[in-house]
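Participant: Protein chains in written order, with our numbering: chain A, 184 to 516; chain B, 184 to 516.
Glycine included, C-beta positions come from ideal geometry on N, C-alpha and C.
Next up is a structure, given as C-alpha cells.
2 protein chains.
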Amino acid sequence: MQQELSLILPDDFHIHLRQGRDLANYAKSAALQFGRVLAMPNTEPPINSPEAVKKYKEEILAAAPNLEVLLTFKLNKNYTEQELLDMKKNGAVAAKYYPLGVTTNSQDGISKIEDIYPTIELLEKLDLVLCLHGEEPEAFCLDREREFLKHLEKLCKTFPNLRIVLEHVSSADAVEFVKKLPQNVAATVTVHHLILTLNDIVGDSLCPQNFCKPLPKFPKDKAAVREAVFSGNKKFFLGTDSAPHSLEKKECLCGAAGVYSAPVAIPILIEEFENENKLNLLSDFVAGYGADFYKIPRQTKKATYAKEEWQIPKTIDGAVPLRAGQTLKWKAK
Amino acid sequence: MQQELSLILPDDFHIHLRQGRDLANYAKSAALQFGRVLAMPNTEPPINSPEAVKKYKEEILAAAPNLEVLLTFKLNKNYTEQELLDMKKNGAVAAKYYPLGVTTNSQDGISKIEDIYPTIELLEKLDLVLCLHGEEPEAFCLDREREFLKHLEKLCKTFPNLRIVLEHVSSADAVEFVKKLPQNVAATVTVHHLILTLNDIVGDSLCPQNFCKPLPKFPKDKAAVREAVFSGNKKFFLGTDSAPHSLEKKECLCGAAGVYSAPVAIPILIEEFENENKLNLLSDFVAGYGADFYKIPRQTKKATYAKEEWQIPKTIDGAVPLRAGQTLKWKAK
C-alpha cells in the first residue's frame, strides 16, 4: 500500500512571484504547493505604494484565485502613517528592508537603515512586521550576515515592540543571535539553506542553480540552521525565498542569485524531516509558527503527499528548480 | 614621454595549453607573453608516456617555435625508471600529481598518494620535480588545501631530497607551511590568487570567469599569498595556471574551473608590483626564482612593456580571459 502523509496546507512566508508574463506561471505553481504566501516586493518598479500593493495582489489572484496572498512593500523610502494604513488595508502585513545592492533588484535599497527609522517607528506603532534581508553589503561575502547582526541588535533596542523577521537565516552566528532575542524576533528558513553548503555551488563544477544570497556557507552553518528547525524552535519557520530566474539569466553570463524552490519545497522538506525522524514537527514549521508570528489564523485545509518517486524536471515554468534532474521520494497528490 | 619597463622575458612554471585545434592558439598567445613555459599534462588522453611527452612538445613547438617548452607528465600510475629517463630525455622536467576528481580532467587521478610512492622515489633519485595539485578532494571546498598539507609533510619526510612544488598556493595555511619547509620545497603563485578572493566569484552576481580550483579564499589568504610574493621570498614564483575554457564551457551550463590569465598575466603583475612599490622584485618572481628552483639557466632575452591603457577583450582565442572587459595600465610592446 502506498504511504501517504497529510499536512495542513503549507504557508510560505517569503516568496518571489516576479511580475509581467512570468507572474501567472509562478503564482499558479506556488498555489499548487502552498495555501498562503507572503509575496516579496522587489519587482521593477517596486511595490512601494498603496496602489502598487493593491495591483500586485490583484495580479497574483487573477492567476491563482485560491491562493491566500499576503503582501509586503519595499522600504526604499520613508512613508506617512496614512500610506502605511492604506497599504495595510490593501493586504500588506510587512515591510521589507533590503540593504543597497545586496541582491536582485536592490539597487534602490537603503544605505543606512537609520535613515528609515521614522517609518520603522510607525511599523511598530501599527503592528506591521519588519522583514530584513540581513546582510551588510560591504563585508566579505561569507561574513555579511554576521556583520549585519549589529543592526538587528540596535533595531531591537530602539523598537522593543516591533515584530522583526530575519529572512533566510544562513549562519550559525545569526541562528544563535535570533534564539537569544525576545519572542518578537523570528527568522525564516529556506529549503536550500537546510540542505546546501558552499560546496554545492563551487565545490565541484560551478553550479549556478544553487547560487543565492545569502550564500549557503560552511557545514557548521547548515548544521545550526537544521538544529534550529529540527528542534522545533518556534522562532524558525518556513519562508522558501523561492526566486525563479530564467535558464538564461541563471546559467548564461548573468549569474543571477536565487533558487527556485517553490515547486519542490514541500516534498524536499518531508524527506528531510523524515530522515531526521522529526515528521511530527513538520506541520508547525510549514503551517504553524509562521502564522502565529504573523498573528493570523493557522490554516485548516489539508494537503496530501504520497511516497512516490519522481524526477524533478530540468526547468519548471522556464526556470531551473532546486535539485533539477534529481529524484525525490515524496510527491504532492 | 611614454614610460617603459624592461624585464627578463618571463617564465610561466604552470600553464595549460590544451590540445587539438585550440592548442595552436593558446601556445601562440603564451609565446607572446613568456619565453619559457612548463606545460601541464591534463589533456585527454593525458601526457603519460615518453611518446606522449615527445608528441606534445612537438605540437606546441609547431605552433610556437620560439617558445622554450618544458614538459610534465601525469602521475596517474607508476612508471619504470626507464620510462622516467625517456620522458626526461624528451623534455619532461616534472611529474604532476592530481588527487582524484579535484579539477579539470582529473577523473583518472590518484585516490591514495602512497600508491605511487615507488615512482616518487624514482623522481627523487633522478632529480625530477614533483608538482602537486595540493587539495584533499573530500574536504569542504575552502579547507581542501589545508587538509592536503599532511600529505606534503609526509612526502617531505619520506623523500628529503625530492624537489616539490605546491602548485597555485591559495591559503595562508599553505603559504606558512611552505615557508617553514626546506629549500627543496617551493610554491607557484598564480596571478588570480594574488588579486581575487571568493568575493570575486560569488560576492555579487556569479562570476564564472573567476571560478577556479583551488578557490580564491578569504582576504587573509590573499594577503598571505601577496606577502610571500612582495617580500621577495624565493620559494614563491610565477606559475599562472592559465587554463582557457571556451565561453560556452565557462559560462553556460558546465561551469568549468579555470582562469585564462596567460594573455594578461604580466601586465597585471606589473601593475600589482608597481602598486606595492616592489617593481624591483618582479623580475625574480617571473623570471628568476623558478628557473633557479628548476635548476635551469635564467633567461637573458628581454621583454619591454609600455605604460599604455588598453581594454582586455571579452574573449581571447575564444576563451574568456581574466579581467575581461577591464582596463589595464601596462601593455607588452
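What does residue 325 (chain A) reach in chain B if we use C-beta pairs closer than 8 angstroms?
Facilitator: Within 8 angstroms Cβ-Cβ: 381, 401.
Participant: Can you name the residues of chain B whose CB is closer than 7 angstroms to the CB of residue 386 (chain A)?
Facilitator: 324
Participant: Would you say the region 377 to 392 of chain B touches the region 322 to 333 of chain A, given that touching needs at least three Cβ pairs under 8 angstroms?
Facilitator: yes
Participant: Under the three-state reduction of DSSP, which class applies to residue 530 (chain A): helix, strand or coil?
Facilitator: No information on residue 530 (chain A) is available, as it lies outside the stretch 184 to 516 that chain A covers here.
Participant: Label residue 340 (chain B) either buried or exposed according to how many other C-beta atoms from any shown protein chain fall within 10 Å of its C-beta, with 16 as the threshold for buried.
Facilitator: exposed
Participant: Which same chain residues, not among the five before or five after residue 312 (chain A), have their C-beta less than 7 angstroms away from its C-beta?
Facilitator: 276, 277, 346, 348, 477
Participant: Could you tell me the alpha carbon to alpha carbon distance between residue 511 (chain A) and residue 195 (chain A), rounded to whole angstroms?
Facilitator: 20 angstroms
Participant: When the distance is taken between beta carbons, is residue 320 (chain B) closer than 7 angstroms to residue 284 (chain B)?
Facilitator: yes
Participant: What residues of chain B sit near residue 331 (chain A), judged by a beta carbon separation below 7 angstroms?
Facilitator: In chain order: nothing, as chain B lies at least about 15 angstroms away.
Participant: What does the Cβ neighbour count give for residue 187 (chain A), buried or exposed, with the cut at 16 atoms within 10 Å?
Facilitator: Here residue 187 (chain A) is exposed, its C-beta having fewer than 16 other C-beta atoms within 10 Å.
Participant: With a 10 Å radius around its C-beta and 16 neighbouring C-beta atoms as the bar for buried, classify residue 459 (chain B) as buried or exposed.
Facilitator: Exposed, by the Cβ-count rule.
Participant: Hey, quick one: how far does the alpha helix (DSSP H) through residue 201 (chain A) stretch, first residue to last?
Facilitator: Note, residue 201 (chain A): premise wrong, no alpha helix (DSSP H); not H, not E.
Participant: Straight-line CA distance for residue 436 (chain B) to residue 446 (chain A)?
Facilitator: Confidence at residue 436 (chain B) is low in this model, with a pLDDT of 48, below 50, so the placement of that residue is unreliable and no value is reported for it.
Participant: Who does residue 490 (chain A) pair with in a DSSP beta bridge?
Facilitator: A:513
Participant: Quick one: list the residues of chain B neighbouring residue 398 (chain A), beta-carbon separation under 7 angstroms, in chain order.
Facilitator: In chain order, 385 make up the part of chain B whose C-beta sits under 7 angstroms from the C-beta of residue 398 (chain A).
Participant: Would residue 389 (chain A) pass as an interface residue toward chain B - the criterion being a Cβ-Cβ separation below 7 angstroms?
Facilitator: yes
Participant: Here's the rule I'm using: 16 or more other beta-carbon atoms within 10 Å means buried, otherwise exposed. How should residue 425 (chain B) be labelled?
Facilitator: Residue environment for residue 425 (chain B): buried (at least 16 other C-beta atoms within 10 angstroms of its C-beta).
Participant: What does residue 443 (chain A) pair with, by DSSP beta-bridge criteria?
Facilitator: DSSP, once it has assigned bridges, lists A:504 as partnering residue 443 (chain A).
Participant: Measure the alpha-carbon distance for residue 231 (chain B) versus residue 497 (chain B) and round it to whole angstroms.
Facilitator: 34 angstroms
Participant: First and last residue of the alpha helix (DSSP H) that includes residue 293 (chain B)?
Facilitator: Where residue 293 (chain B) is concerned, there is no enclosing alpha helix (DSSP H), given that its DSSP letter is neither H nor E.
Participant: So, with DSSP's three-state summary, where would you put residue 498 (chain A)?
Facilitator: DSSP places residue 498 (chain A) in coil when its eight states are reduced to three.
Participant: From residue 399 (chain A) to residue 355 (chain A), what distance separates their C-alpha atoms?
Facilitator: 11 angstroms
Participant: Hey, quick one: how far does the alpha helix (DSSP H) through residue 339 (chain B) stretch, first residue to last?
Facilitator: 327 to 341
Participant: According to DSSP, simplified to helix, strand and coil, what is residue 352 (chain B)?
Facilitator: coil
Participant: Along chain B, in chain order, which residues have C-beta atoms closer than 8 angstroms to that of residue 394 (chain A)?
Facilitator: 385, 389
Participant: Grab me the residues of residue 515 (chain A)'s own chain with a C-beta within less than 6 angstroms of its C-beta, minus the 5 sequence neighbours each way, in chain order.
Facilitator: 488
Participant: In the DSSP assignment, the alpha helix (DSSP H) including residue 403 (chain B) goes from what residue to what residue?
Facilitator: 402 to 413
Participant: Cβ atoms of residue 376 (chain A) and residue 353 (chain A): under 7 angstroms apart, would you say?
Facilitator: yes
Participant: Considering only their Cβ atoms, is the gap separating residue 314 (chain B) from residue 350 (chain B) smaller than 7 angstroms?
Facilitator: yes
Participant: If residue 193 (chain A) sits next to residue 469 (chain A), beta carbons under 8 angstroms apart, how far is it from one beta carbon to the other, in whole angstroms?
Facilitator: 4 angstroms
Participant: Could you give the first and the last residue of the continuous beta strand (DSSP E) run that contains residue 251 (chain A)?
Facilitator: 251 to 257
Participant: Would residue 369 (chain B) and residue 418 (chain B) be called neighbours here (beta carbons separated by less than 7 angstroms)?
Facilitator: Taking C-beta atoms as the reference points, residue 369 (chain B) and residue 418 (chain B) count as a pair closer than 7 angstroms.
Participant: Short check: CB of residue 427 (chain A) to CB of residue 502 (chain A), under 7 angstroms?
Facilitator: With contacts defined by Cβ atoms closer than 7 angstroms, residue 427 (chain A) and residue 502 (chain A) form a contacting pair.
Participant: Have a look at residue 429 (chain A) and residue 199 (chain A) and give me their C-alpha separation to the nearest angstrom.
Facilitator: 13 angstroms
Participant: Run through DSSP, which three-state label would residue 380 (chain A) get?
Facilitator: coil
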